[in-house]
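K.L.:
Before we start, here is the structure in question, set down as structure tokens.
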Amino acid sequence: MDSQLGPTSNRFVSQRLRLNYVEWGNPDAPPLILQHGGRDHCRSWDWVAEELRRDWHVICPDLRGHGDSDWSREGHYGMDAFVFDMAQLVHTLGYPQVSIVGHSLGGAIATRFAALYPERVAKLVAIEGLRPVEGPCRDRERQSPADRLRTWISSKREAAGHPARRYTTRRAAFERMLAANPFLSEAQARHLSIHGASRNEDGSWSWKFDPYVRISQTIDVTTPELHALWGEITCPVLLMAGLKSFAQSPAKDGRMDLFRKARLIEYEEAGHWVHHDQLSRFVADVRAFLQD
Numbered sequence: 001m002d003s004q005l006g007p008t009s010n011r012f013v014s015q016r017l018r019l020n021y022v023e024w025g026n027p028d029a030p031p032l033i034l035q036h037g038g039r040d041h042c043r044s045w046d047w048v049a050e051e052l053r054r055d056w057h058v059i060c061p062d063l064r065g066h067g068d069s070d071w072s073r074e075g076h077y078g079m080d081a082f083v084f085d086m087a088q089l090v091h092t093l094g095y096p097q098v099s100i101v102g103h104s105l106g107g108a109i110a111t112r113f114a115a116l117y118p119e120r121v122a123k124l125v126a127i128e129g130l131r132p133v134e135g136p137c138r139d140r141e142r143q144s145p146a147d148r149l150r151t152w153i154s155s156k157r158e159a160a161g162h163p164a165r166r167y168t169t170r171r172a173a174f175e176r177m178l179a180a181n182p183f184l185s186e187a188q189a190r191h192l193s194i195h196g197a198s199r200n201e202d203g204s205w206s207w208k209f210d211p212y213v214r215i216s217q218t219i220d221v222t223t224p225e226l227h228a229l230w231g232e233i234t235c236p237v238l239l240m241a242g243l244k245s246f247a248q249s250p251a252k253d254g255r256m257d258l259f260r261k262a263r264l265i266e267y268e269e270a271g272h273w274v275h276h277d278q279l280s281r282f283v284a285d286v287r288a289f290l291q292d
């Protein structure tokens, strides 16, 4: 296959939603799922996919409410729904086993899937995809169930009154993308903006993700339950982190020790989007891990 050809877009159905994924040919090669994070889209993996497509059948899904996937009519973007969607994708593809690279929210989804179906995952890479020991989720756990539900209802109502932000031009969206991540080159920001924004009826531009994805879920496993889930993962796990990210290192707070077989690679000149900020080194590390 010509290495210059772009990905092919396909759909699968999960809980009555038509969800988009792109695949980079090479169907006889081992399957590799690249799962993006929150408020992102599948084409953010293009640079990585171009490098890995020769050795793997690369599959990049758009999460529900993101990219070119359907939005949930109920605005349901809980972890239960995301994990179900990943399970449905793997079931639809029909592979007995896959390897997964997940970033941020995508990493959180992938670790849960690997815990629930350990026999279906050969290798797992999580880029800053672990819930922190302390943070918003732990704060919600300390609330009463009634308080959590009231906060969730209030957040949903507030989101309904704040539609997607509109940019007068696509360039304005590009400039916002560039300002949000100083590690991005102009070429990267332009590519991410082209595939991450769509035109509105009035000619303005908005990001493709559903504004409801910003709302925290109300019901989820507790932090101790989540840590127990990580212990159910049987495949080798590679954790990745940027030292200039907002996220804390999983080696410092003990989260890495909760996995059976995990190691950590940290990148000095990278923020939260390691695969964008240190592309060449990232690809080399992922390839070595997957081929080991």
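Letter by letter, the sequence shown follows residues 1 to 292 in UniProt numbering.
Virtual Cβ for every residue (Gly too), placed ideally from N, Cα, C.
(1) Given 8 Å as the limit, is there contact between the stretch 228–246 and the stretch 200–219, that is, 3 or more CB pairs closer than that?
(2) Which one of H227, R157, Q278 has the shortest CA to CA distance from A241?
(3) What three-state label does DSSP hand Y212 in the structure shown?
(4) Tell me which same chain residues have a C-beta within less than 6 Å of the C-beta of E51, skipping the five on either side of it?
(5) Can you give the Cα-Cα distance for Q217 and G75, rounded to whole angstroms?
(6) So, is V121 buried or exposed, given that buried needs 16 or more other C-beta atoms within 10 angstroms?
(7) Looking at the strands, I want to know which residues DSSP matches up with S198.
(8) Going by the CB atoms, is the gap between N20 and C42 shorter than 8 Å?
(9) Since I believe P30 is in contact with residue 293 (beta carbons under 8 Å), could you give me their beta-carbon distance rounded to a whole number of angstroms?
(10) Along the chain, where does the beta strand (DSSP E) that runs through G242 open and close?
(11) Figure out for me which residue from R54, H195, I109, Y117 has the closest Cα to the Cα of F82.
(12) As a quick exercise: from V221, E225, E269, pick the residue whose alpha carbon is nearest that of K244.
(13) From what residue to what residue does the beta strand (DSSP E) around Q35 run?
P.N.:
Quick look at the numbers:
(1) no
(2) Taking the first residue of the sequence shown as position 1, residue 241 is located at position 241. Closest by alpha carbon: Q278.
(3) Residue numbering aside, residue 212 sits at position 212 when the sequence shown is read from its first letter. Of the three classes helix, strand and coil, the one that applies to Y212 here is helix, per DSSP.
(4) Counted from its first residue, the sequence shown places residue 51 at position 51. Same-chain partners within the cutoff: V283.
(5) If you number the sequence shown from 1, residue 217 lands on position 217. If you number the sequence shown from 1, residue 75 lands on position 75. Whole-angstrom Cα-Cα distance: 10 Å.
(6) The residue labelled residue 121 in the question sits at position 121 within the sequence shown. Classification for V121: buried.
(7) Taking the sequence shown and counting its residues from 1, the one referred to as residue 198 is at position 198. For S198, which the question treats as bridged, DSSP gives the partners S206.
(8) Indexing the sequence shown from 1 puts residue 42 at position 42. Indexing the sequence shown from 1 puts residue 20 at position 20. In this structure, N20 lies closer than 8 Å to C42 by Cβ.
(9) The structure shown has nothing for residue 293, since the chain only spans 1 to 292.
(10) Along the sequence shown, read from residue 1 onward, the residue named residue 242 stands at position 242. 237–242 is the span of the beta strand (DSSP E), which, as asked, contains G242.
(11) Working through the sequence shown from its first residue, we reach residue 82 at position 82. Residue I109 is the option with its Cα nearest to F82.
(12) Here residue 244 corresponds to residue number 244 of the sequence shown, with the count starting at 1. It is E269.
(13) Translated into positions along the sequence shown, residue 35 becomes position 35. From DSSP, the beta strand (DSSP E) with Q35 extends over 31–35.
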